[in-house]
């Protein structure tokens, strides 16, 4: 009996620990599966490549970062040059406030300015000298930004500080020479009083031009091109209007001297007003382009 039970237990144990094998035939059910290693690897690689192509950070078809190239500009030099210009004007305005009231009244009323205000302004020697220096500085810096806006590649080969100094010195020397020539003309033709009034009007308009150009210089220095170009056009228009005003004042002063020949007056304007600016412009263009 014990032998029978042991035999039965051994048989059941063998049956429980045995392995079974079955062959799977998916083709019988319409399922086609490649069983070769090459097929499986190719399928895996294709799926992986498709996933990489769809991924926004791993795809070669799409840019990793949407970059926009921007030109970097440094405004350090522009800040200091404009700050110095504004500071100079502010100091003159703060120290001599009465002088600016006389200046405005003389500009608005030429007839009255040629009498009382002319004497009051000419006695203020220091404000006159400082405003003439400010005119040279304002005009030189303004010309620098005009050339920089229109000829940036040509300007870039020169040192900005040297170019600004040359322009300021050029404007200053131009009007200093003009002053001495007009004084000499007054002495040579014995028209001291008439030439004194003319010199007064010339430098009066110069001071007004220097003040008007100051805000436009700030725009030309820091504004974008879309704003700087209209600002340049408006400023040139205002300067042209002021030059016409200066010529009108000149005719009122020198009309008696040229009363018999307006051509001589026109020739005098060309020689004293247009020719010096044309020479300065030609020298600058030759220095920049050649």
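Numbering (the working numbering), first residue to last: 120 to 409.
Each residue gets a CB set at the ideal place from its N, CA and C atoms; glycine is no exception.
Small disclaimer: the values here were computed from a predicted structure and weren't measured.
Of 200, 363, 338 and 212, the smallest CA-CA separation from residue 352 is found for 338. Here residue 309 carries a coil assignment [DSSP, helix/strand/coil]. Our two residues, residue 356 and residue 173, have alpha carbons roughly 59 angstroms apart in a direct line. Of all alpha-carbon atoms in 320, 280, 227 and 196, the one lying nearest the alpha-carbon of residue 241 is that of 320. Distance from the CA of residue 209 to the CA of residue 282, rounded to the nearest whole angstrom, comes to 24 angstroms.
Residue 215 carries a coil assignment under DSSP once its states are collapsed to helix, strand and coil. Distance between residue 197 and residue 285, taken at the CA atoms: about 16 angstroms. In chain order, 254 place their CB closer than 6 angstroms to the CB of residue 325, counting only its own chain and leaving out the 5 sequence neighbours on each side.
The way I'd put it, the region 254-271 does touch the region 289-306; three or more beta-carbon pairs between them come closer than 8 angstroms. With respect to residue 249, residue 211 sits close: the two C-beta atoms are nearer than 7 angstroms. Between the C-alpha atoms of residue 276 and residue 236 there is a straight-line separation of about 47 angstroms.
In the DSSP assignment, residue 253 falls within the alpha helix (DSSP H) that extends over 244-269. For a cut-off of 8 angstroms, the C-beta gap from residue 251 to residue 322 is around 6 angstroms, short enough to register as a contact. By the C-beta density criterion, residue 213 is exposed, having fewer than 16 other C-beta atoms within 10 angstroms.
It is roughly 45 angstroms from the alpha-carbon of residue 226 to the alpha-carbon of residue 189.
In this structure, the alpha-carbon of residue 247 lies about 51 angstroms from that of residue 187. Assignment of residue 342 by DSSP, reduced to helix, strand and coil, places it in the coil class. Spanning the alpha carbons of residue 335 and residue 363 requires a straight line of approximately 20 angstroms.
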